[in-house]
Amino acid sequence: MLWHARTRALDSRLRGNDLLGRRCHVATPQRSVKLGSIVENWRARLRAQPDIVVALVLFVLGAAAGMAYFATWDGTPQFWQETTFTPAIMWLSGHGWHNPMVSDVPGLEDFLYSRVDAFDPAQVPPEVRLLPDDTAGMSFDEINAYHPEMQFPGFLPWQRMHLYLVLAVTACWALFGIAWSSLTPLAGLLFGTTVATAYGIFRLALKRPLAIFGALLVLTSPLHLEMVPQIRDYAKAPFILLVILLCGWLIRYPLGLRARAVIAAAAGVLTGIGLGFRMDLGICVPAVLVVIALFMREPPRLRVRAQMMTIFLACFVISGLPILIEASKESGHFAHVALLGLLERCDERLGVAAPGYNLGGPYTDFYMANIVQAHAHRTTGEMPPTWVMMPPYHEATQVFLRDYLTTFPADIVTRAYAAVFRVLDELGPNPAAPYAANIDNPFLQGLWDFRQGVLDWAPAGGRYYAAAAMLLIAAWRLRAGFGALFLLLWFAGYTAIQFNTRHAFHLEWLSWWCGLAALQILWNLRHARPPSWGWAGTRVVIFVLIVVLGLTGPLWALRAWQNIRVQNVTSILPVLESAPLDALDEGDGNIDLPEFAMPPSDLPVGYTYLKLLVAPGDMPVPITLRYDAENTEHFDYTRTVTAPPFEWDLQLFIPLYFSAESRFLGLHIPPQQRDRVTAIHTLDQGPVPIWMNWTLLDRGPIGGAYQRFTR
């Protein structure tokens, strides 16, 4: 009797709850149970692991919801580069893995651009012209002839970098016929996996009912559903969430060596395969390596961690090898994408700005290409072609990005922090359109109204939920607090590269997770008995000190460096030689500058730097650069630069790019503010590597030399 009492007391101590409400089990001998069949064995396993059952049910519900929305939303899948899938069509038509001359195939262009749902492979003629796999000896015009509309001549590299997405689409078409509607099962698979994985992530910190609630929020998210038809963009969601889940397991649980090796291998395979759906998966590689190196629960010896890193990298390289080979040739394209994320449009979305400067706009590939071309021509004397995904342009883009990063390094950090705030505070459906697109069923709209009412019950401010969750996790275990904070900052911060809903939607659950985790830990404190509240408080103090110093110290150091670089630039601009322009003032606010209508005959793009002198005043002066373009989506560079109201003279420096596709017409200044612009000059090129929009006083840029948060 006494022996049994002591045994129960010891078992109670060993199996007590921790602060996250999980039982800390010890290994106990297991009796062997003979089951009648494999089915019974699996049923027993599922009964012992209810989380697996819940995840499977959520997967089925998510897949059904994803397929239902995909099939009925009254639209077609969005890939942007639909010619990515022409090799799949040719292969299924019996013509090999090739790109055809689209104009040779009746009905193919209509199918690629979603004017019709299905395509009959019998329409491919036997003697269709095929684009060679190696186009090195072909001109741009020869390559572009295979494409149905003017785009970049890089759809071969584009196809190779999306190989696994193309293969997934090929499999659907092989099973269900060549039709956009045949991709419904793929959409369901992706969405169902996302919902089930979200449950696993919520389960890291929550009891089962709350974790189910979190997963149902993802299942019913209008933001997620609206992204499902955009299969290329949505495809990253399940892969990134699965990698986050695996990292969470390493941080959360004291796993054995075999389990850790399996997780490292699984993370490598998922990252490598996901890379072939969306290149965003590359962001997972540093995250997994850092978690293995620093944040694992009960970290093993250095040798074991090195082995796990080796397993992860080997599985990643093997599974993603075809993509990595192509990506190594196209590194300049990623620089181009990053540069697009530095334009003024992304500044506004991130909520950052420097009143005295910005890179400008509009947000188009070709405007960014013109910036890079002008930079290359000024610094090397050579101008690459306008088309992105061409080797000369790639080299010039990487040089420009390097110069930008060395001039404005603090802004990059500020943008990453801003992205974290936007993801935590503002990521969600548009309040003006609270329902998923094209959903007009009153019952479904009522459900979404109820869902939004539940979410509205909680006060706004995801950043505060995140702070509370990180502090409470650190109070429980310091290493786990740092690991959770790292994952949050890394995966939310990387979206600053080009902040857009389609690049960040998959992280909508982050603020929900933080808020629910904080509530769960506070609830568990009623029963948990930490060894010492004093030690918990000490861990929180250590955590706060390290986080504050680690986040603010590098930022202020980089701002000091950037301040020096910016002062060097702004001290040169006002003293550069300039020539007044013979502006033709039409009297209605339009000012013609005819000499900049077309580029020089030997260059695809012309450029100059305008200098405008603005007199003091108490009203802003909007200065609009007027353009004319046949292709307004890509080449209309019309934009407005505003001189703020100020009590001293201002100097505005505005880069100007013009070409046959983007014909510059002149400026427009409201007639009532025309007298404030006292002179218009064009500058000598000078030793200024980065041309920005600058608003300068005599002593430097207005508002300081680095970006700040605007909300």
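Just add 307 to the spot in the sequence shown (first one is 1) and you have our numbering.
The beta-carbon is built from N, C-alpha and C at its ideal position, and this holds for glycine as well.
Item                                                                                                                            : Value
Cβ shell of A574 (< 7 Å), same chain only, five flanking positions each side left out                                           : V550, L553, V595, F619
Cβ-Cβ distance between S966 and T704 below 9 Å                                                                                  : no
Proximity test, Cβ basis, 9 Å: I396 and chain C                                                                                 : Annotation note: the requested chain C is absent from the structure, which comprises a single protein chain.
Where Y670 falls: helix, strand or coil (DSSP)                                                                                  : coil
Local Cβ density within 10 Å of P716, reported as buried at 16 or more and exposed below that                                   : buried
Whole-number beta carbon distance between G894 and R933, since they are thought to touch under 8 Å                              : Rounded, the Cβ-Cβ distance is 15 Å, inconsistent with contact.
Where V435 falls: helix, strand or coil (DSSP)                                                                                  : coil
Contacting residues, own chain, Cβ-Cβ under 6 Å from S969 (five flanking each side not counted)                                 : Y934, A936, F942, Y944
Runs of beta strand (DSSP E) wholly within the stretch 852 to 924 (minimum 3 residues, chain order)                             : 885 to 887, 897 to 899, 913 to 921
For G913 and F903, the rounded distance between their alpha carbons                                                             : 8 Å
Where the alpha helix (DSSP H) containing L517 begins and where it ends                                                         : 515 to 526
Continuous beta strand (DSSP E) stretch holding T949: start and end                                                             : 946 to 950
Span separating the alpha-carbon of F623 from that of W797                                                                      : 19 Å
Between the CA atoms of D991 and E884 - distance to the nearest angstrom                                                        : 5 Å
Beta-carbon proximity check, L957 vs I1009, cutoff 9 Å                                                                          : yes
Nearest candidate by alpha-carbon position, reference L734, set W487, I746, R770                                                : R770
C-alpha distance - W764 paired with L826, whole-angstrom precision                                                              : 14 Å
N- and C-terminal bounds of the alpha helix (DSSP H) containing H941                                                            : 939 to 942
The beta strand (DSSP E) enclosing Y964, as first and last residue numbers                                                      : 957 to 965
Beta carbon of F960 nearer than 9 Å to that of L1004                                                                            : no
Limits of the unbroken alpha helix (DSSP H) element including V592                                                              : 591 to 597
Same chain, Cβ closer than 6 Å to G583, five either side skipped, listed in chain order                                         : L470, Y471, I630
Contacting residues, own chain, Cβ-Cβ under 7 Å from L888 (five flanking each side not counted)                                 : L900, I987, H988, T989
Residues that A803 bridges to, as DSSP identifies them                                                                          : Its beta-bridge partners do not exist; DSSP assigns none.
Limits of the alpha helix (DSSP H) - the one that T617 falls within                                                             : 609 to 636
Contacts around A890, its chain only, beta-carbon distance under 8 Å, and the 5 residues preceding and following it disregarded : I898, D899, L900, G973, L974, I987
C-beta atoms of V843 and L817 nearer than 9 Å                                                                                   : Before going further, note that residue 843 is Ala rather than Val in the sequence given. For A843 and L817, no; Cβs fall outside 9 Å.
C-alpha distance - I976 paired with G753, whole-angstrom precision                                                              : 49 Å
Beta-carbon proximity of T501 to V525, cut-off 9 Å                                                                              : yes
Which residues DSSP lists as bridging H975, in chain order                                                                      : N897, T931
Three-state secondary structure (DSSP) of V340                                                                                  : Residue placement at V340 cannot be trusted, given a pLDDT of 44 that sits under 50; what the coordinates show is reported in the next sentence. Coil at V340, not helix or strand.
DSSP state of A660 mapped onto helix, strand, coil                                                                              : strand
Spatial neighbours of H454 in its chain, beta-carbon cut-off 8 Å, leaving aside the 5 residues before and after                 : T390, V409, P460, F462
Environment of F757 [buried if 16+ CB atoms lie within 10 Å]                                                                    : exposed
Distance between E689 and V928 (C-alpha atoms, nearest Å)                                                                       : 36 Å
The stretch 364 to 375 touching the stretch 731 to 747, judged by at least three CB pairs closer than 8 Å                       : no
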